[in-house]
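One structure is given below, encoded as structure tokens.
In UniProt numbering, the protein residues as written are 1 to 646.
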């Protein structure tokens, strides 16, 4: 397969993505990511999925169209901000301080110190993963300050230390230069006139990170956290007089039902004896859960011991731990494991000149990706395009680009749908799991889509199972066939002739056409469901969406479904369109059309013939007619977007 074949299903769009990646890669980097087997690191290469997502983000921001210069500028700025390196002096200092630290996954809500300064804002829900660079007393006061830095920022920031941590300052204290900490629940005191710079106000929610490979930390864990287990807790009222300290693994983090409007979360802990205990957070304390990750080890010093409050708001006999005024929390983060991934022949050949000088035998050992706590390989930072044929067991963060061949609702769940996607290497059926109703707008057979955040596993019967969950980190779904900017962005498409369509039916084509024929018999006014764009069926029991299968007493609008003939100098084709695309062709709203007398409707449609349009056309030949009524079938070709030529 040559590089052109590898992008055939995405046409000029994927060609531009590959071009943009090559431009950014050649601009230089620090050697992270892909490394050549030759004379040292190659320039840093952006993840393929990241580049696609950034291009689509720009297309959504500039719906009237984008140029190559706009896209490259946005991409380069985003890539530069993401990889902004430290000053040489600071980088050496932090690298030396963290030389023995194991790699760990960055938490979802983590922000950088640079972004705090740039936005002059800090959300209490944000997480700061930082290193203590200095501890000092504010001149003229007895207030302790910490100077914090992080591995992603060139700047530092000062923190007013909360008094609950003052006992950990000093020659033998844990809070000193080089100590890693994580903070949340923070507020920013912005730079005021004469104050010089922004500072972080005191927060009660700071966790000190420990490294079991460091002597000092190992001694602390052995001396202070190995005496008690969960089974050693006593039930008597005097239990809080005992200075308990526990060391346990985080098994689960979950929300509880509110207690009299007070938010609650619980962390399920498992100690070395496999005994389980709940660590319950109340109210503002739930922010502390942002600092934890499943699989990490939690060292709890002097937790408050209480009785579990059940969902009926009654105290039970079961004991639990709480974050008391004397409680101190240490964390040993789970180390991020890595795995070397072999590039497939499809991926190697699709890269063109990028890998042309790399011997095939050496390529596979060059891609190193992180593994999650379940042993699945995280492909969110994978530098090349993934294909259906690459899917195998224990994959997360996978991105795919292809054409929809079927989409339907699962019969057993109101929030689960099935979508079948095809690319040049094969077809895969995936499960789409939503937190509520369908939220992806109209998605039809033949539409060209990009989806990221996929998980692939093997069932107990060795059947491949691919799933996507809405609103999870890294989850994105974009229907390119309905993207307005695609029509007005020559850098992302190449105009096709209508005669070319049958020879390349697996993608969305952009064509310049004229309206050859349309009449009243080929135009229908139907009821459409707002959230999915599909036809709503009316029956004696009410209204039901033909796609979502949900009750549609509300959230419906009348719209057009039109059959029409379009032509260019090479061919004529019979096609259909619905909704806003039909309005673009007819240049009239459904309400305005209904107000016209019958004879005026005929004359109006006649005046539209020979009008010129730029259109996006998809092949829907594999469609089960969810958008058709039961008395007729739809043509093979769907016009998914249209814009009148001036």
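Note that the Cβ used here is the ideal one computed from N, Cα and C, for glycine as well.
8 angstroms contact criterion, which residue i and residue j should meet: CB distance rounded
i           : j           : result
residue 165 : residue 175 : 6 angstroms
residue 153 : residue 112 : 5 angstroms
residue 529 : residue 555 : 7 angstroms
residue 292 : residue 253 : 6 angstroms
residue 562 : residue 518 : 7 angstroms
residue 451 : residue 438 : Actually they do not touch by this definition, with Cβ atoms about 14 angstroms apart.
residue 299 : residue 230 : Not quite, the Cβ-Cβ distance comes to about 14 angstroms (not below 8 angstroms), so this is no contact.
residue 269 : residue 289 : 13 angstroms between Cβ atoms; not a contact.
residue 402 : residue 423 : 4 angstroms
residue 614 : residue 645 : 6 angstroms
Alpha carbon of residue i to alpha carbon of residue j, nearest angstrom
i           : j           : result
residue 432 : residue 455 : 11 angstroms
residue 107 : residue 539 : 50 angstroms
residue 42  : residue 428 : Confidence in residue 42 is poor, its pLDDT being 39 and thus under 50, which makes the residue's placement unreliable; the coordinate value appears in the next sentence. If you take the alpha carbons of residue 42 and residue 428, they lie about 34 angstroms apart.
residue 61  : residue 436 : 26 angstroms
residue 512 : residue 496 : 8 angstroms
residue 526 : residue 387 : 38 angstroms
residue 609 : residue 603 : 11 angstroms
residue 534 : residue 408 : 12 angstroms
residue 503 : residue 509 : 11 angstroms
residue 205 : residue 217 : 20 angstroms
residue 307 : residue 317 : 6 angstroms
residue 134 : residue 21  : 39 angstroms
residue 221 : residue 266 : 23 angstroms
residue 53  : residue 75  : 10 angstroms
residue 404 : residue 621 : 11 angstroms
residue 492 : residue 14  : 8 angstroms
residue 571 : residue 637 : 13 angstroms
residue 411 : residue 418 : 10 angstroms
residue 155 : residue 149 : 7 angstroms
residue 55  : residue 239 : 59 angstroms
residue 19  : residue 297 : 44 angstroms
residue 280 : residue 324 : 11 angstroms
residue 441 : residue 520 : 28 angstroms
residue 24  : residue 51  : 10 angstroms
residue 294 : residue 485 : 41 angstroms
Where the alpha helix (DSSP H) through residue i begins and ends
i           : result
residue 248 : It is not in any alpha helix (DSSP H) - residue 248 instead sits in the beta strand (DSSP E) that spans 245-259.
residue 49  : 48-61
residue 24  : 11-26
residue 410 : Here residue 410 belongs to no alpha helix (DSSP H), and DSSP marks it neither H nor E.
Simplified DSSP state of residue i, which is helix, strand or coil
i           : result
residue 186 : coil
residue 81  : helix
residue 219 : helix
residue 371 : strand
residue 666 : Limits of the chain in this structure are 1 at one end and 646 at the other, which puts residue 666 out of reach.
residue 207 : strand
residue 74  : helix
residue 640 : strand
residue 232 : helix
residue 240 : helix
residue 646 : coil
residue 378 : strand
residue 284 : helix
residue 224 : helix
residue 619 : strand
residue 498 : helix
residue 475 : coil
residue 331 : strand
Residue i beta carbon near the ligand PLP (any heavy atom closer than 7 angstroms)
i          : result
residue 53 : Absence of the ligand PLP from the depicted structure is noted, as is the absence of any ligand whatsoever, leaving it without description.
Endpoints, beta strand (DSSP E) assigned at residue i
i           : result
residue 481 : Unbroken run through residue 481: none, as it is neither H nor E.
residue 119 : Not the beta strand (DSSP E): residue 119 falls in the alpha helix (DSSP H), residues 113-119.
residue 297 : 297-301
residue 447 : First-last for residue 447: undefined, no H or E at that position.
residue 308 : 304-309
residue 316 : 315-322
residue 508 : Where residue 508 is concerned, there is no enclosing beta strand (DSSP E), given that its DSSP letter is neither H nor E.
residue 385 : Taken as a continuous stretch (DSSP letters only), residue 385 belongs to no beta strand (DSSP E), as it is neither H nor E.
residue 294 : Run containing residue 294: none; DSSP gives neither H nor E here.
residue 463 : Taken as a continuous stretch (DSSP letters only), residue 463 belongs to no beta strand (DSSP E), as it is neither H nor E.
residue 267 : 262-270
residue 392 : Here residue 392 belongs to no beta strand (DSSP E), and DSSP marks it neither H nor E.
residue 107 : Careful: residue 107 lies outside any beta strand (DSSP E) and carries neither H nor E.
Which complete beta strand (DSSP E) runs does the stretch 533-615 hold, if anything under 3 residues is left out? 536-539, 542-545, 556-567, 572-578
Runs of beta strand (DSSP E) lying entirely within the stretch 120-194, each at least 3 residues, in chain order: 127-137, 144-149, 157-160, 180-183
Quick one: which unbroken alpha helix (DSSP H) runs of 4-plus residues sit fully inside the stretch 415-457? Chain order, please. none
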